[in-house]
Every structure is written in C-alpha cells, then in structure tokens.
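Asks: Chains as they are written, first to last, in our numbering: chain A, 6 to 140; chain B, 1218 to 1281.
Ideal placement from N, C-alpha and C gives every residue a C-beta, glycine not left out.
Model, not experiment: these values are computed from the prediction.
My questions all concern the structure below.
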C-alpha cells in the first residue's frame, strides 16, 4: 500500500500560489483579489488605495524616501512602500515636493501611510483567502 | 508628469474622507454578503465619526 502523502507536500503548491497572490496584491492594489475572481474586493481595494494616495499626494503630504534621517522617516517609508506600484504614482504626481507647513500637508502624509497599511492588509487578506482561511 | 494642483481640505473633510474610504474597504474585506457589508460599513463609519469627534471635543480645552 502506498503511504499517504504528507500534508506539507500537498499544501505546498497552494501555499506558493497564496504567496504569489499576496505579492501581486501588494505590487498592484487589488490584483491579489482579482486573480481569485473576487472582483468587488479587487475594485474596492484598488479605488480605496488609489484615492488615498492621490488625495495624500495632492495635499502635499510627505512621500518618504529611503534617505530618511530618523526612525519615523524610515517607518513612513515602509508604510508608503506598502502601496506597491502606487508609491511611484505618488512620487510622480508630487513633483513640487511635500509641504507640511500647513495642516492639510500633514494630513496628506497620514493618508499616504494609511493607503500603504491598508494595501498591506488587503494583500494579507488575499494571501489568507488563497490559503482557504478567509472567505 | 506635472504636479497636480494642491487639494485643500478642511480638517473635517480630510477626516471624513479617511473614515468613508477605510469603512468601505474594511466592509468589503471583512464581510462577504452585501447586507452584512452595508451594516459593517455604516457601523464602522459611525464609530470612526464618534471617536474622531469625541477625541476632538476632549482635546478642545487644551488647544488654546
């Protein structure tokens, strides 16, 4: 009698697919869900992250770079990177640089960080859904 | 690409934008059935507004 395959061997391709969906969702907001035919979630994640990035950059929020001078700048950079390819979009539309001398510039910085964290959460959701742990 | 015109929002408008977008995203990610999503979105939006305005009021005496 052939021994039953180990659970790890069976789960491996599914796990790899889940990781790929998670990374896809991070790179392009909503793509991780779109690849699993979750169209509503994909559209909402894409629009929510896009709107927050656009509003944050339009309000002259700080789009952090890796040349951060302190820990907060570095944390901000990690949060901004969470938007995946939209980070480049934010850099592209904020050609005149940030202006946080006004309150709305500061709010813009927060909206950009929120967009990044929201996209990381959505990518994690796509990963978990692909593993069958979320519906 | 040229820089986009500056978007000037009041404190409340920025807060409302944040609350609406996050509530909708959470509703879609956290719930599956449309009815559950609507309930979740409205409830989380209400809580965002309640807590935000509540904290604003609580900080008001120290703002001047």
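(1) With contact counted as at least three CB pairs below 8 angstroms, one residue from each stretch, are the region 46–65 of chain A and the region 91–99 of chain A in contact?
(2) Take residue 71 of chain A as the anchor and find which of A:60, A:96, A:25 and A:123 has the nearest alpha-carbon.
(3) List, in chain order, every chain B residue whose beta-carbon is nearer than 7 angstroms to that of residue 63 of chain A.
(4) Going straight from the alpha carbon of residue 1257 of chain B to that of residue 1267 of chain B, what length do you get?
(5) So, helix, strand or coil for residue 141 of chain A, using DSSP?
(6) Under DSSP, the alpha helix (DSSP H) around residue 40 of chain A begins and ends at which residues?
(7) At the level of alpha carbons, what is the spacing between residue 138 of chain A and residue 1281 of chain B?
(8) Measuring CA to CA, which of B:1270, B:1242 and B:1263 is closest to residue 45 of chain A?
(9) When we look at the beta-carbon of residue 1245 of chain B and count the other beta-carbons within 10 Å, is it buried (16 or more) or exposed?
(10) Taking the Cβ atom as the reference point for each residue, do residue 109 of chain A and residue 1225 of chain B lie within a distance shorter than 9 angstroms?
Replies: Per the coordinate set shown:
(1) The answer is yes - the region 91–99 of chain A touches the region 46–65 of chain A, with three or more Cβ pairs under 8 angstroms.
(2) Taking the first chain and counting its residues from 1, one reaches residue 71 of chain A at position 66. Taking the Cα of residue 71 of chain A as reference, the smallest distance to any Cα among A:60, A:96, A:25 and A:123 is reached at A:96.
(3) Working through the first chain from its first residue, we reach residue 63 of chain A at position 58. Chain B residues near residue 63 of chain A: 1221, 1223 and 1224.
(4) The count along the second chain starts at 1 and reaches residue 1257 of chain B at position 40. The count along the second chain starts at 1 and reaches residue 1267 of chain B at position 50. Spanning the two alpha carbons is a distance of roughly 15 angstroms.
(5) With chain A covering 6 to 140 only, the question about residue 141 of chain A has no answer from this structure.
(6) Residue mapping note: residue 40 of chain A aligns to position 35 of the first chain, counting from 1. For residue 40 of chain A, there is no enclosing alpha helix (DSSP H), as DSSP marks it with neither H nor E.
(7) To locate residue 138 of chain A, count along the first chain from 1; it is residue 133. To locate residue 1281 of chain B, count along the second chain from 1; it is residue 64. Linking residue 138 of chain A to residue 1281 of chain B through their CA atoms gives a straight-line distance of about 50 angstroms.
(8) Locating residue 45 of chain A in the first chain gives position 40, counting from the first residue. The candidate whose alpha carbon is nearest that of residue 45 of chain A is B:1242.
(9) The sequence position of residue 1245 of chain B within the second chain is 28, counting from 1. Buried is the call here.
(10) Within the first chain, the letter at position 104 stands for residue 109 of chain A. Within the second chain, the letter at position 8 stands for residue 1225 of chain B. The Cβ-Cβ distance between residue 109 of chain A and residue 1225 of chain B falls below 9 angstroms.
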